[in-house]
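Engineer: Residue numbers (our numbering): 2 to 271. In this text, a Cβ means the ideal position worked out from N, Cα and C, and glycines have one as well. Take a look at this one; I'll ask things after.
Okay, here's the thing in structure tokens:
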């Protein structure tokens with residue numbers, strides 16, 4: 002796609018609020034033509050370099066509220082770039098993230114995946130990374146919050162392959178969304194009880210200010226990334242690798258590492 006075509010597409014997508022077309026691999030260096038923010042100096046992902054990390058002692062605990070609640074509805078969508086899980090809860094039972102380095106109260110919106118992982122730890126890359134997206138309740142919705150300073154928080158989890166890892170029923174739903182654009186609604190939404198996936202509490206984590214890792218790359222994200230990985234079996238990892246994008250298999254759907262540009266990486270021990 003030419004530079005002119007990308008610029009026109011970006012304008013049209015902003016004007017009509019459509020999904021932005023972008024590619025990984027050879028096309029990733031042209032994201033700045035889709036959005037100027039993709040060439041900013043506070044971009045994500047980054048390498049979580051232990052030589053640069055500053056450990057924070059004390060401080061407010063980072064808390065997850067209502068994480069044990071069962072969702073009333075779970076929808077999974079292969080959007081051609083990743084697979085997105087959208088969870089619905091009763092009005093008073095939404096999952097909330099607050100405390101720690103965050104300023105404000107953040108409400109859970111959805112979660113999605115990148116394989117291989119986007120962030121690295123001392124340049125080690127895990128096979129899978131899950132992003133739980135939260136928005137600052139001050140702005141009312143994730144769509145409004147994504148443009149705003151301190152608008153979003155993303156809770157990230159790495160997955161390591163383990164042959165003896167317990168099979169997760171919610172991952173089996175990927176069999177129903179192999180084709181790009183396909184959607185599926187869970188028959189048993191309780192399979193995606195978040196406490197059974199990530200636990201009831203946030204454990205030791207890295208924190209840094211960054212951006213969305215896809216266009217339009219808004220620099221409005223507080224990144225909170227768990228140090229200890231979750232586990233996934235090789236068989237269930239194959240389900241992620243079997244998903245299809247618009248043209249061929251969906252693979253390597255991660256953005257290259259971005260420069261730190263003087264930002265601090267903090268580490269909180271919980």
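Under a three-way DSSP split, which group does residue 161 fall into?
Structural biologist: Working through the chain shown from its first residue, we reach residue 161 at position 160. Reduced to three states, the DSSP call for residue 161 is strand.
Engineer: Which first and last residues belong to the alpha helix (DSSP H) in which residue 248 is found?
Structural biologist: Counting from one through the chain shown, the residue named residue 248 turns up at place 247. Counting along the chain, residue 248 falls outside any alpha helix (DSSP H), and DSSP gives it neither H nor E.
Engineer: Taking just the CA atoms, how far does residue 116 sit from residue 140?
Structural biologist: The sequence position of residue 140 within the chain shown is 139, counting from 1. The sequence position of residue 116 within the chain shown is 115, counting from 1. Cα to Cα, residue 140 sits roughly 30 Å from residue 116.
Engineer: Tell me the DSSP bridge mates of residue 44?
Structural biologist: Translated into positions along the chain shown, residue 44 becomes position 43. Per DSSP, none; premise fails for residue 44.
Engineer: Assign residue 189 to one of two classes, buried (16 or more other C-beta atoms within 10 Å of its C-beta) or exposed (fewer than that).
Structural biologist: Position 188 of the chain shown holds residue 189. Result: exposed.
Engineer: May I ask which residues mark the beginning and end of the alpha helix (DSSP H) holding residue 134?
Structural biologist: The residue you call residue 134 lines up with position 133 of the chain shown. Unbroken run through residue 134 is the beta strand (DSSP E), 129-137; no alpha helix (DSSP H).
Engineer: What residues are listed by DSSP as bridge partners for residue 38?
Structural biologist: What you label residue 38 is simply residue 37 of the chain shown in a count that begins at 1. Paired residue(s): none; residue 38 is not in a bridge.
Engineer: Tell whether a beta-carbon distance below 8 Å holds between residue 233 and residue 162.
Structural biologist: Mapped onto the chain shown, residue 233 falls at position 232. Mapped onto the chain shown, residue 162 falls at position 161. Result yes, Cβ atoms of residue 233 and residue 162 sit closer than 8 Å.
Engineer: Can you grab the Cα-Cα spacing for the pair residue 160 / residue 36, in whole Å?
Structural biologist: The residue given as residue 160 occupies position 159 in the chain shown. The residue given as residue 36 occupies position 35 in the chain shown. Residue 36 has its alpha-carbon roughly 30 Å from the corresponding atom of residue 160.
Engineer: Return helix, strand or coil for residue 241, following the three-state DSSP convention.
Structural biologist: Working through the chain shown from its first residue, we reach residue 241 at position 240. Helix.
Engineer: Consult DSSP for residue 33 and reduce its assignment to one of helix, strand or coil.
Structural biologist: For this step, residue 33 is matched to residue 32 along the chain shown. Helix, per DSSP.
Engineer: Quick one: what does DSSP say residue 81 is sitting in, helix, strand or coil?
Structural biologist: If you number the chain shown from 1, residue 81 lands on position 80. Residue 81: coil per DSSP, three-state reduction.
Engineer: Tell me the DSSP secondary structure of residue 1 in three-state form.
Structural biologist: The question about residue 1 has no answer here: the residues shown for the chain are numbered 2 through 271.
Engineer: Considering only C-alpha positions, which residue in the set 120, 55, 192 is nearest to residue 268?
Structural biologist: For the purposes of this step, residue 268 is taken as residue 267 along the chain shown, with counting starting at 1. Taking only the C-alpha atoms, the option nearest residue 268 is 55.
Engineer: State buried or exposed for residue 178, treating a residue as buried only when at least 16 other CB atoms are found within 10 Å of its CB.
Structural biologist: Counting from one through the chain shown, the residue named residue 178 turns up at place 177. Buried is the call here.
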